[in-house]
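> Dumping the structure here so I can ask a few things about it.
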Amino acid sequence: MIVAKNIIKEFGSPPQRILHDLSFEISDGEFVAISGRSGSGKSTLLYILSTLDLPTFGSLSIDNEDIALMSSERIHAFRNKHVGFIFQFHYLLPELTGVENVLLAPRNLNLHHQYQQKAIGLLKMMDVFHVAHKLPNQMSGGEQQRVAIARALIMDPQYIFADEPTGNLDSANGEIVMSILKKINKENNTTVCLVTHEPEFSAMADREIFLVDGKISNRD
Ligand SMILES: Nc1ncnc2c1ncn2[C@@H]1O[C@H](COP(=O)(O)OP(=O)(O)O)[C@@H](O)[C@H]1O
Ligand SMILES: [Mg+2]
């Protein structure tokens with residue numbers, strides 16, 4: 000469970016306030032969309048929720064642990080084992096093949112041999128087994144994104160954080176990605192936090208956190 004209390008984020012000097020006193024909880028197994036217009040603070044909030052950045056004021060706790068009090072080793076271990084990240088620009092490592100990219104987190108934990116079969120299974124589930132031994136620049140955008148999802152799922156994460164994962168896909172591939180996220184959420188009870196500016200995708204979530212200028216608001 001994620002508990003955000005009075006989260007404020009400021010950048011620059013003089014400080015510019017981007018997120019204004021946000022408090023909410025995300026329960027295990029929830030599918031939450033973080034939505035709003037470009038510049039409303041969605042990515043900034045997702046970085047904080049996913050432990051990639053800290054709030055300027057306020058606190059974030061995950062599974063009853065305050066992130067600000069965790070050592071960097073512990074945060075790294077937590078991310079490797081329990082968190083899957085999916086971003087708009089897939090960030091596959093260009094020098095690694097599809098299957099090697101999927102095995103990134105197991106490799107960090109020195110478990111890649113045990114996870115080899117699972118990586119192949121995930122590539123098959125995503126319908127991209129044919130790119131297992133190709134480099135990212137030999138894959139289409141949709142294939143790269145599905146490999147990135149396989150990589151995010153390899154450790155059976157409790158949490159998936161996705162920032163506009165459909166943003167640079169055509170609508171058919173966008174719908175495939177959304178249905179995969181829904182399926183993982185339902186079948187594995189994985190908590191999904193999805194940033195999107197597309198109302199049709201946020202409508203697929205259990206709940207929407209709608210941001211206007213860094214504040215939680217209601218859609219008009
Ligand atoms: N590292 C940063 N330094 C300064 N300003 C930032 C930084 N990151 C984001 N911002 C600003 O915060 C606002 C919200 O950005 P962002 O969270 O990326 O919005 P969204 O994802 O909703 O488009 C924007 O005005 C952006 O310019
Ligand atoms: Mg963004």
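Those letters in the sequence shown? Residues 0 to 219, by numbering that gives the first Met the number 0. The beta carbon of each residue, even a glycine, is placed where N, CA and C say it ideally should be. As the structure is a prediction and not an experimental result, all values here were calculated from the model.
#1: Looking at the secondary structure, which residues open and close the beta strand (DSSP E) in which Phe10 lies?
#2: Mind checking whether the beta-carbon of Val211 lies closer than 7 Å to any heavy atom of ligand 2?
#3: Can you tell which of Glu163, Ile175 and Asn184 has its C-alpha closest to the C-alpha of Tyr46?
#4: Taking only runs of the alpha helix (DSSP H) that begin and end inside the region 53-112, which ones reach a length of at least 4 residues, in chain order?
#5: Can Met177 and Asn79 be called in contact, C-beta distance under 8 Å?
#6: Ser192 to Ala204, Cα distance in whole Å?
#7: Any heavy atom of ligand 2 closer than 7 Å to the beta-carbon of Lys71?
#8: Reducing DSSP to helix, strand and coil, say where Lys214 ends up.
#9: Assuming Leu91 contacts Ala131 (C-beta within less than 8 Å), just tell me the rounded distance between them.
#10: With 16 other CB atoms within 10 Å as the buried threshold, where does Arg73 fall?
#11: Please return the same chain residues whose Cβ sits closer than 8 Å to the Cβ of Val101, not counting the five positions on each side in sequence.
#12: Buried or exposed for Glu186, going by 16 or more other Cβ atoms inside 10 Å?
#13: Ends of the beta strand (DSSP E) at Thr165?
Taking the geometry as given:
#1: As a first step, residue 10 must be located in the sequence shown, where it is residue number 11. Ile1 to Phe10 is the extent of the beta strand (DSSP E) around Phe10.
#2: Counting from 1 along the sequence shown, the entry for residue 211 is found at position 212. Not so, every heavy atom of ligand 2 lies at least 7 Å from the Cβ.
#3: Indexing the sequence shown from 1 puts residue 46 at position 47. Looking at the Cα atoms, Glu163 is the closest of the given residues.
#4: 71-81, 97-101 and 103-107
#5: Taking the sequence shown and counting its residues from 1, one reaches residue 177 at position 178. Taking the sequence shown and counting its residues from 1, one reaches residue 79 at position 80. No; because the gap between Cβ atoms is not below 8 Å, this pair is not in contact.
#6: As a first step, residue 192 is located in the sequence shown; it is residue number 193 there, counting from the start. As a first step, residue 204 is located in the sequence shown; it is residue number 205 there, counting from the start. According to the sequence provided, residue 192 is Cys. The question's Ser does not apply to it. Rounded to whole angstroms, Cys192 to Ala204 spans 9 Å at the Cα level.
#7: As a working mapping, residue 71 is identified with position 72 in the sequence shown. Residue 71 is actually Ser in this sequence, not Lys. No - ligand 2 has no heavy atom lying nearer than 7 Å to the Cβ of Ser71.
#8: Stepping through the sequence shown from its first residue, residue 214 is reached at position 215. Reduced to three states, the DSSP call for Lys214 is strand.
#9: Taking the sequence shown and counting its residues from 1, one reaches residue 91 at position 92. Taking the sequence shown and counting its residues from 1, one reaches residue 131 at position 132. Rounded, the Cβ-Cβ distance is 13 Å, inconsistent with contact.
#10: Locating residue 73 in the sequence shown gives position 74, where the first residue counts as 1. Classification for Arg73: exposed.
#11: Counted from its first residue, the sequence shown places residue 101 at position 102. Excluding residues within five positions, the ones whose Cβ falls inside 8 Å are Ala118, Leu121, Leu122, Val146, Ala149, Arg150 and Ile153.
#12: Position 187 of the sequence shown, counting from 1, holds the residue named residue 186. That one is exposed.
#13: Reading the sequence shown from its first residue, position 166 is the one you call residue 165. Neither: Thr165 is in no beta strand (DSSP E) and is coded neither H nor E.
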